[in-house]
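Chains A and B, in that order, are what the protein sequence lines are. Under my numbering, the residue at position 49 of the first sequence is numbered 61, and the numbers go up by one with no gaps. Under my numbering, the residue at position 36 of the second sequence is numbered 37, and the numbers go up by one with no gaps. Every residue gets a Cβ at the ideal spot worked out from N, C-alpha and C, and that includes glycine.
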Amino acid sequence: MRTKVAALVVLIIALAVVIVLISLRAYYVAVSLLIGVLLVGHRELWSLATKRRLPPFDERVRGNMGRSVRNGFIFLVLALALLMLPFSTAMVERPDTAHLLGALLVLGGAAYLLSYLFYDRAEPHLGERRLRMLKVFLAVAVVSLAVCILSVFLHNALSGLLHIEEPVFFVIAVFVAPAAFVVGLVGSVVVLILGLLRRG
Amino acid sequence: MQQNEETELRQVRTRIKEFRVRQNLTQERLAEIAGVRRETIVFLEQGKYNPSLRLAYNVARALNASIDELFVFDDEAGDR
Numbered sequence: 013m014r015t016k017v018a019a020l021v022v023l024i025i026a027l028a029v030v031i032v033l034i035s036l037r038a039y040y041v042a043v044s045l046l047i048g049v050l051l052v053g054h055r056e057l058w059s060l061a062t063k064r065r066l067p068p069f070d071e072r073v074r075g076n077m078g079r080s081v082r083n084g085f086i087f088l089v090l091a092l093a094l095l096m097l098p099f100s101t102a103m104v105e106r107p108d109t110a111h112l113l114g115a116l117l118v119l120g121g122a123a124y125l126l127s128y129l130f131y132d133r134a135e136p137h138l139g140e141r142r143l144r145m146l147k148v149f150l151a152v153a154v155v156s157l158a159v160c161i162l163s164v165f166l167h168n169a170l171s172g173l174l175h176i177e178e179p180v181f182f183v184i185a186v187f188v189a190p191a192a193f194v195v196g197l198v199g200s201v202v203v204l205i206l207g208l209l210r211r212g
Numbered sequence: 002m003q004q005n006e007e008t009e010l011r012q013v014r015t016r017i018k019e020f021r022v023r024q025n026l027t028q029e030r031l032a033e034i035a036g037v038r039r040e041t042i043v044f045l046e047q048g049k050y051n052p053s054l055r056l057a058y059n060v061a062r063a064l065n066a067s068i069d070e071l072f073v074f075d076d077e078a079g080d081r
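So this is what it looks like as structure tokens:
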């Protein structure tokens, strides 16, 4: 009963925010929010539509949700800090860099959200080898994201200190790290999808 | 810490699948009776999740078995 009320409250708040966003003509944000809510709550909505009740909110799901809310909050705070820091210290003047960082962080957040939603359904159907592959791909994605952000700072710092256009960290930040991130992300998604398809 | 947890998880074997098949129950049906999600049953059957006493009791009751019939610790198996 409490779960039902909580789900209903979340849905009503999300709808109210969507209406406010539409009235502010922030259509992209409204659509993104709507897609996010549908993605996160798809299982609950599907269960309500087909069985007229919410799926059980057992202790494992509760534990996973608690961990994901905590991790999501930490990720959000770090992402905001990393996006704000370059501007507050005037290390980044061109918006392109912030767009690149923002896009990587959004992709990282989306990957985290999707892995939270589908990992426990795919994991039991993945063998030891595929699980190892998944961990490697995820590690590549996380490390490359960190390397990209670090390289942006190092490139700007070295260029500012030495008064030259520093090339190594520039290449890493703009080409190598994003490419590795995409490889890690696509690899993880493919392994997760393979696990989902092997359900049965 | 994590290694300890993994070692602990490896030590638990469950006979949930054996009991479930014996009673002609699907994972979905057992999940419904025990009031959990199907994925939780999958994790329990594979010994990848350490349940609370309450959950262990609910699953055992759904399978008309006792908790110690369903959950076997490896060191316990070695003693026998």
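Taken in chain order, the members of the segment 64-77 of chain A whose beta-carbon sits within less than 7 Å of a beta-carbon on chain B are Pro67, Pro68, Asp70, Glu71, Arg72, Val73.
Around B:Arg21, no beta-carbon contact reaches into chain A at under 8 Å, the shortest distance being about 15 Å. Here B:Arg38 is buried, its C-beta having at least 16 other C-beta atoms within 10 Å. By the C-beta density criterion, B:Asp69 is exposed, having fewer than 16 other C-beta atoms within 10 angstroms. Just so you know, the alpha carbons of A:Gly53 and B:Arg23 end up roughly 35 Å apart.
Where A:Thr62 is concerned, the enclosing alpha helix (DSSP H) starts and stops at 54-63. In this structure, A:Tyr128 places its C-beta atom within 8 Å of the C-beta atom of A:Ser80. When the five nearest sequence neighbours on each side are left out, the beta carbons in the same chain lying within less than 6 Å of the beta carbon of B:Arg21 are those of Leu31, in order along the chain. Segment contact: the segment 140-158 of chain A against the segment 82-95 of chain A, fewer than three CB-CB distances shorter than 8 Å; contact not assigned. Of the residues assessed, A:Ala151 falls on the exposed side of the cut-off, its CB having fewer than 16 other CB atoms within 10 angstroms.
A:Ala153 is positioned such that its CB atom lies closer than 8 Å to that of A:Gly196. In the structure shown, A:Val148 falls within a helical segment according to DSSP collapsed to helix, strand and coil. CA-CA distance, A:Trp58 to A:Pro190, rounds to 36 Å.
Around the Cβ of B:Thr15, a 10 Å sphere holds 16 or more other Cβ atoms; the residue is buried.
For A:Asp132, the closest of A:Leu51, A:Leu204, A:Phe182, A:Leu170 by C-alpha to C-alpha distance is A:Leu204.
Between A:Val30 and A:Leu46, the C-beta gap is smaller than 8 Å, which places the two residues in contact.
For B:Phe74, the enclosing beta strand (DSSP E) covers residues 72-74. Around the beta carbon of A:His167, 16 or more other beta carbons lie within 10 angstroms, which makes this residue buried. Short of 8 Å from the beta carbon of A:Met145, and not among the five residues preceding or following it, lie these beta carbons of its own chain, in chain order: Gly199, Val203. Taking 8 Å as the CB threshold, B:Ser53 lines the interface with chain A. Spatial neighbours of A:Ser171 in its own chain (CB-CB distance under 7 Å, excluding positions within 5 residues in sequence) are listed in chain order as Glu177, Glu178. Leaving aside the five residues that flank A:Lys16 on each side, the residues in its chain whose CB is nearer than 7 Å to its CB run, in chain order, Leu66. In this structure, the beta-carbon distance from B:Asn59 to B:Val13 does not fall below 8 Å. B:Val43: member of the alpha helix (DSSP H) spanning 39-46, first to last residue. For A:Val195, there is no enclosing beta strand (DSSP E); the enclosing alpha helix (DSSP H) has its first and last residue at 189-209.
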